[in-house]
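Down below is the structure, laid out as structure tokens.
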Amino acid sequence: MSRTKFCICQCFFTKNLFVNQCKLHVTYLNKAQFLKEYSKTLLSQGCTDPEAVIPEIESEVTRRKNFHKESWDRRLQIAKEYKPLHPHLFTLQKSFLDPKFIKLVDLAKSPGTTIDELTKAVKHHQQRMYSFPVFTPEFCRTFLSELKNFEESPLPKGRPNTMNRYGIHLGELGFDKFITTLRNDFITPLTRILYPDWGGDSLDSHKAFIVKYEVGKDVDLNYHFDNAEITLNVPLNDDYFDGEIYFGSMRTEESSKVTGIAHQIGVGLLHRAQQMHGALPISEGVRYNLILWMRSSAIRNELCPMCNEKPTLIPVENGFGDGFVINEVDICCAS
Ligand SMILES: [Fe+2]
Ligand SMILES: [Zn+2]
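Numbering (the working numbering), first residue to last: 436 to 770.
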């Protein structure tokens, strides 16, 4: 008997640690290594005391070590205690989706549809980025009222990812089934044609979250790539100013031609997750976006994008981990 277990890569505890004070991603093995490797860079960036950033890094390592267990505990508590405003929202219904999106998915599902036929039916930005309506504006408004209801509740909230400090982890809030249906039944038919080279035909897990930008809190997002194969970004509101998203090259490429794309409520932007991107500051209001990181274990088991090596797998007890998998064999012994 064997069973598949989702995993994280060991580098989660040592690499890509974001130092907010100086907007830098670092590797941290220990104090001596860190100071030897980064003191010069930190000093050149205006950080007068490199040692002073160590507590921030060590607390992020501790947060990461406890993350999966604490996240699962929050999920269980929320499932037990949260009173949804709109319980029907938690199961994906076709009425939530823009009719143009359903038509697009039908086209992708019909046998023989080519990439040219599909890309003609969407807005094609450069560098294999595509946008198309996903949710109706009415769904976005109702969904947002549910999210705000949760935000106002006293229930515990985990930060959405290692860079955004404000937002909601949708798995913890009980939306994993909703997102799995969206991923399997609606997004995969498109990615299978658009990104077969990026696991578009073998997506088997995700991480879904809401990012929130607000003046005085997180206003923008530094240039980065996502820990996933394919990302879908759907704006949920439009009553704010600025905050355009911008894109450069893939993480492994040198050139960095930057393209800006404006947000449009309910309209999803699909891109290769490892294409570098960031968000410009908003100047007024609050911006909410749904971010769906989709992962293919077939791709990432070969190469972890975060350490750029074959991953060192650590199984997680619950959830999708970071989308890597291991097949555990139960050994039976008769004597
Ligand atoms: Fe991102
Ligand atoms: Zn790794």
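We put the beta carbon where it would ideally sit given N, CA and C, even for glycine.
Among the options, nearest to residue i - alpha-carbon criterion
| i | options | result |
| --- | --- | --- |
| F525 | T577, P716, D551 and D674 | T577 |
| Q709 | G683, K450, Y463 and Q456 | G683 |
| Y601 | V650, A556 and Q561 | V650 |
| G547 | R594, I628 and S580 | I628 |
| K515 | M598, L608 and C446 | L608 |
| T597 | G754, F441 and N455 | N455 |
| C446 | Q699, L605, R499 and E552 | R499 |
| F570 | A487, V488, L582 and S530 | S530 |
| R510 | N753, L542 and Y658 | N753 |
| E719 | G678, H521 and R686 | G678 |
| R686 | V721, T626, Q562 and D653 | Q562 |
| P568 | A487, L532 and L582 | L532 |
| Y681 | G758, M564 and D541 | M564 |
| H404 | N584, V557, S479 and D508 | Not covered by the structure: residue 404. The range shown for the chain is 436 to 770. |
| V654 | F676, G635 and D636 | F676 |
| K458 | K558, E688 and I492 | I492 |
| A487 | S474, D541, G756 and N736 | S474 |
| F755 | A467, P490, T462 and W507 | W507 |
| N736 | K652, D661 and G634 | G634 |
| D674 | D636, N465 and H698 | H698 |
| T626 | P490, R707 and K518 | R707 |
| G606 | L582, V540 and L464 | L582 |
| D757 | H503, Q468, Q480 and V461 | H503 |
| I489 | K555, I761, L464 and Y517 | L464 |
DSSP bridge partner residues for residue i (one or two, in chain order)
| i | result |
| --- | --- |
| E763 | R438 |
| M685 | Q710 |
| I730 | In the sequence under discussion, the amino acid at residue 730 is Arg, which differs from the Ile named in the question. Answer is S640, bridged to R730. |
| I696 | I680 |
| V669 | L725 |
| G602 | V646 |
| Y658 | DSSP, once it has assigned bridges, lists no residue as partnering Y658. |
| M564 | H560 |
| Y675 | G720 |
| E744 | C739 |
| F585 | In the DSSP output, where bridge partners are listed per residue, F585 has none listed. |
| I749 | I443 |
| F570 | L532 |
Contact set for residue i: own chain, Cβ-Cβ below 7 Å, skip 5 residues either direction
| i | result |
| --- | --- |
| Q512 | L590 and P591 |
| L579 | L671, N672 and Y723 |
| I550 | I628 and L629 |
Nonlocal neighbours in the same chain, by C-beta distance under 6 Å from residue i, ignoring five residues either side
| i | result |
| --- | --- |
| P575 | It is worth fixing the name first, because residue 575 is Cys in this sequence and not Pro. Here the set comprises L671, I700 and G701. |
| R594 | R600 |
| G763 | It should be pointed out that residue 763 corresponds to Glu in this sequence rather than to Gly. Cβ within range, chain order: R438 and K440. |
| A656 | With the sequence shown as reference, residue 656 is identified as Leu, and Ala is not the correct amino acid for it. Cβ within range, chain order: G713 and A714. |
| G695 | E679 and Y681 |
Own chain partners of residue i with C-beta closer than 8 Å, once the 5 adjacent residues on each side are dropped
| i | result |
| --- | --- |
| H559 | Y565 |
| K759 | A quick correction: the sequence has Phe, not Lys, at residue 759. Contacts found: F441, C442, I443, C444, S732, R735, N736, C739, P746 and L748. |
If you pair each beta-carbon of the stretch 526-544 with each one of the stretch 662-669, do three or more pairs fall below 8 Å?
-> Contact between the stretch 526-544 and the stretch 662-669 is absent, because fewer than three Cβ pairs lie under 8 Å.
Within the chosen definition, does the stretch 696-706 reach the stretch 739-751 through at least 3 CB pairs nearer than 8 Å?
-> Per the Cβ contact rule, the stretch 696-706 is not in contact with the stretch 739-751 (fewer than 3 Cβ pairs under 8 Å).
If you pair each beta-carbon of the stretch 615-635 with each one of the stretch 719-734, do three or more pairs fall below 8 Å?
-> Yes, the stretch 615-635 is in contact with the stretch 719-734.
So, do the stretch 605-619 and the stretch 634-652 have three or more beta carbon pairs nearer to each other than 8 Å?
-> Yes, they touch.
State whether the stretch 643-653 contacts the stretch 708-719, with contact taken as three or more CB pairs (one from each stretch) at a distance under 8 Å.
-> yes
Per the contact definition of three or more C-beta pairs closer than 8 Å, is the stretch 732-746 in contact with the stretch 447-455?
-> yes
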